[in-house]
Every structure is written in structure tokens, then in C-alpha cells.
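Chemist: The structure follows.
The following block contains the structure:
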């Protein structure tokens, strides 16, 4: 009782052809009494043909490599720990007979190993002790062509979730070890202009979580949340899509090989596409978002995963400094932000999935009546949905 089994996922199927996932639990059936030929070949083992009771539950179908799952039982029932949360396997466990742990390797999970208990997540004290210098001043390891003198300083916005702390003049974001996360948002305090390159470094990993965390982009200045922070979704950032502002949510920007001291580059291309690259490896370059190049977007993070702390290394800006960047924004073409059809009414229709903001609502209707195919006039990609941006 209360003996914990720690299991690490080491291999998963990436073809997407499997449904379902791993099942774990406990059984009163002595494994020595089971013949291999008697084992059920269905998706969920049915051991009830023998005397005894089994307590088995199939868990999430989105398990990834390196995630560690812990399960155990006591007088209150059987439980497992995933994503830093204790969840129930079964209630009313019969403790009068011995129990054996049971694992059904199924679905997208192809391999597991037993492992040692996970290390405790860093607290703020151990976090600073583990590095031989301030974490915001660590040398650049992978983007060796960069020098700190070439980089413009960027910081996190002072508005952030209560479970987060900012250090080193707001260049380091750290997630506290709390039992439950609620609004772990942190924003970068500078909008991402065309041709801007943002560099950041992962500083601390919490292996209790299966996914790295969420990055996103919004057209709203985070300062407006000074009095409205509680209005942001607390648990699921997808709820941001229900707000009147424009939000882009990316759950798979960071890959499964995420580790401490990884360095990431984000660049916003001239066409508005935002690309990510890990450790200067060209094989990791991928587009994570498509934005309207005429719009301003602030990057933000929702730290609900393995990333527990990271730092902003700096910015290579398309302009000399933030002042010039703001000046350029004010002096841009007088037609910017207007409907590209009538050039009279502000554009208010976001094309999905490309993200370009092209039409007012009236011109969108006229455009779709005139052309049989729904193609974005900017990138020529098909769009299948349109979001209407409401005025403040």
C-alpha cells in the first residue's frame, strides 16, 4: 500500500493510425496463475474470467515520449499522477488480498520502462544555485554567430499569472511549484515586427507534465489586462478564441526532445508567417503560425507543461530600436488596417487557417458570392472559416 510505481514512456507511434492509449491499474490475480494463451486480445484486458478483481483504467491518448506516470493505491482507492495532478483510477479497493500492478501497452504507446521517482521541480532557490552565473547571462551555446552586443534587450510584461515569478529585470520567467495551475500566462513586453528574431532559452523542466506548454500571439497590448486579468481563461487557453480580441494558440510549437538549456529562435517572416528553430538545427525549422503582416502581435506563453522556467536571450530587430519600431508603426501606409477591397472600412474578418485580415464583413460576402473557391487574396491558400473581430 502506497508503494508507487514510476513508469516512463520511451516510444510512441507517430502515424496517427492508432486509437486509444495506455491502460494501468491493479489486479488481485496472481500473474503466475495466468497462461499467455488466456490473455485477452481486446483493447482493454479482461481478467475477470479468473477469481479476483481488477482495477484498470485507460488514460489519455495523447501520451508522448519521456513522460513519467506514477500510480499507486491506498485505503482511499487507486490513483495515478499525470500532468502534475493526482487522478483517480478506482475507488473502494479491496485491501484484503494482494494487488499486482498491471499495464496494457496499447494505442500510440509502443514502449515503457520502469524508472526512479521523478526529481522534485526546482524551487526558486535551487533554480539559481544550479547555474554558475545569473541565468539571463549564460553564454549562447547554439547560435554562436550571435553576440549579446548584437541583441536588443527584451523583457516579460509585468502582468502575469500568480503562479509565475519574474527575475533578472523581468528577463527570466519561473513557474512556482503549486498544486494547481490557474492562468499561468506571461507576455513579452514588445510586439513582434516583421523580420524580428526572438531568442529564448529553456532553464528548467518539470517532468511531471506530458506536453511542453503553449505559445501564442495576440493583437492586443497585454497592458489592458491590468484590471481584467481574471477574465482570461484559467485552465484551457483555447477559451481565448471566444474573446473579441484576435488570438493564435499553438500547442505543439516545442517538440518532445525539449531539454534544459535548449535555445529557440522565433522569426516573423515578411509574409507574416512565424517560424521556430531549436538549437540552430535546420531540421527543426517549422512554421507555427500565419499572421497578417499588417497587424501587430504580442507573443505570450501559457506555462501549463514541462517548461517551468525560461529566459529571453534577446531580439534582433528589423528596426534599430523600440522607438524606431513604434515610429515605423505610426507612419505606415494610411491604408493599413483597411479592407483591401473597398479601402474604406476597417478590415474585421480573420481568415482561418491562414490568419490574414483582409475584408470588412460586407466585402467578404460580396467576395464569396463572386468566387466559387474561398481563397485568401494575400497568400492564395484556401480558407474554411472566418472569425469576425469586434470593435472595443
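Residue numbers (UniProt numbering): 1 to 392. Even for Gly, the Cβ is constructed at its ideal location relative to N, Cα and C.
Can you check which of these residues, 60, 78, 21, is closest to residue 3 by C-alpha distance?
Modeler: Nearest C-alpha to residue 3: 78.
Chemist: Which residues mark the beginning and the end of the alpha helix (DSSP H) in which residue 364 is found?
Modeler: Looking at the DSSP string, the run of the alpha helix (DSSP H) that includes residue 364 is 361 to 370.
Chemist: Assuming the contact rule is C-beta atoms closer than 8 Å, residue 89 and residue 69 should be a hit. Round their C-beta distance to whole Å, please.
Modeler: With a Cβ gap of about 11 Å, residue 89 and residue 69 do not count as contacting.
Chemist: Just to confirm my understanding: we take residue 393, look at its own chain, exclude 5 residues before and 5 after, and list those with CB closer than 8 Å. What are they?
Modeler: Missing from the structure shown is residue 393; the chain here goes from 1 to 392 and no further.
Chemist: Tell me whether residue 241 is buried or exposed, calling it buried when 16 or more other Cβ atoms sit within 10 Å of its Cβ.
Modeler: By the 10 Å Cβ count, residue 241 comes out exposed.
Chemist: Quick check: the Cα distance between residue 250 and residue 217, rounded to an integer number of angstroms?
Modeler: Residue 250 and residue 217: Cα-Cα distance of roughly 9 Å.
Chemist: Bridge partners for residue 59 per DSSP, in chain order?
Modeler: Bridge partners of residue 59: none, in fact.
Chemist: How many angstroms separate the CA atom of residue 301 from the CA atom of residue 213?
Modeler: Those two C-alpha atoms are separated by around 8 Å.
Chemist: CB-CB under 7 Å to residue 136, same chain, minus the five flanking residues each way: which ones, in chain order?
Modeler: If we look at residue 136 and ignore the five residues flanking it on each side, its Cβ neighbours are 168, 171, 172, 311.
Chemist: Could you pull out every residue in the same chain whose Cβ sits closer than 8 Å to the Cβ of residue 349, ignoring the five residues on either side in sequence?
Modeler: Correct list, in chain order: 357, 358, 359, 360, 361, 364, 386, 387, 388, 389.
Chemist: Within its chain, find whatever has a CB closer than 8 Å to the CB of residue 94; leave out the 5 residues flanking it on each side and keep chain order.
Modeler: Only 28, 53 meet the Cβ criterion.
Chemist: Exposed or buried, what is residue 238 when buried is set at 16 or more other beta-carbons lying within 10 Å of its beta-carbon?
Modeler: Looking at its Cβ environment, which holds fewer than 16 other Cβ atoms inside 10 Å, residue 238 is exposed.
Chemist: Determine the burial state of residue 116: buried for a count of at least 16 other Cβ atoms within 10 Å of its Cβ, exposed for fewer.
Modeler: The residue in question, residue 116, is exposed, as its Cβ has fewer than 16 Cβ neighbours within 10 Å.
Chemist: Tell me the start and end of each unbroken beta strand (DSSP E) in the UniProt domain "NHR" (1 to 117) that is at least 3 residues and wholly inside, in chain order.
Modeler: List check, beta strand (DSSP E) in window: 5 to 12, 23 to 27, 54 to 58, 68 to 74, 77 to 82, 85 to 90, 100 to 104, 109 to 114.
Chemist: Please name the residue in 36, 31, 60, 30 whose C-alpha comes closest to that of residue 9.
Modeler: Closest option to residue 9, Cα to Cα, is 60.
Chemist: Which residue comes first and which comes last in the beta strand (DSSP E) that contains residue 348?
Modeler: That residue, residue 348, is in no beta strand (DSSP E); it is neither H nor E in DSSP.
Chemist: For a test of the three-state rule: what should DSSP assign to residue 299, helix, strand or coil?
Modeler: Looking at residue 299 - three-state DSSP - the assignment turns out to be strand.
Chemist: For the beta strand (DSSP E) containing residue 203, list its first residue and its last residue.
Modeler: Note, residue 203: beta strand (DSSP E), 197 to 205.
Chemist: May I ask you to report which of helix, strand or coil DSSP gives residue 219?
Modeler: In this structure, residue 219 counts as coil in the three-state DSSP scheme.
Chemist: If you run the structure through DSSP and keep just helix, strand and coil, what is residue 264?
Modeler: Strand at residue 264.
Chemist: For residue 195, count the other beta carbons within 10 Å of its own beta carbon; 16 or more makes it buried, fewer makes it exposed. Which is it?
Modeler: With fewer than 16 Cβ atoms within 10 Å of its Cβ, residue 195 is classed as exposed.
Chemist: Tell me which residue opens and which closes the beta strand (DSSP E) that residue 286 is part of.
Modeler: Run containing residue 286: 286 to 290, per the beta strand (DSSP E) assignment.
Chemist: My output table needs one value for residue 140: the three-state DSSP class, helix, strand or coil.
Modeler: It is coil, neither helix nor strand.
Chemist: Mark residue 325 as exposed unless 16 or more other C-beta atoms lie within 10 angstroms of its C-beta, in which case mark it buried.
Modeler: Caution is warranted here: a pLDDT of 46 is assigned to residue 325, below 50, making its placement in the model unreliable, and the coordinate value is therefore given only provisionally. Result: buried.
Chemist: Pick helix, strand or coil for residue 314, following the three-state DSSP scheme.
Modeler: Looking at residue 314 - three-state DSSP - the assignment turns out to be strand.
Chemist: Which word fits residue 157, buried or exposed, when buried means at least 16 other C-beta atoms lie within 10 angstroms of its C-beta?
Modeler: When all chains shown are included, residue 157 counts as buried.
Chemist: Taking only three categories from DSSP, how would you classify residue 249?
Modeler: In this structure, residue 249 counts as strand in the three-state DSSP scheme.
Chemist: Please identify the residue among 152, 314, 91 whose C-alpha is closest to the C-alpha of residue 25.
Modeler: When each option's Cα is compared against that of residue 25, the closest is 91.
Chemist: Using three-state DSSP, classify residue 357 as helix, strand or coil.
Modeler: DSSP places residue 357 in strand when its eight states are reduced to three.
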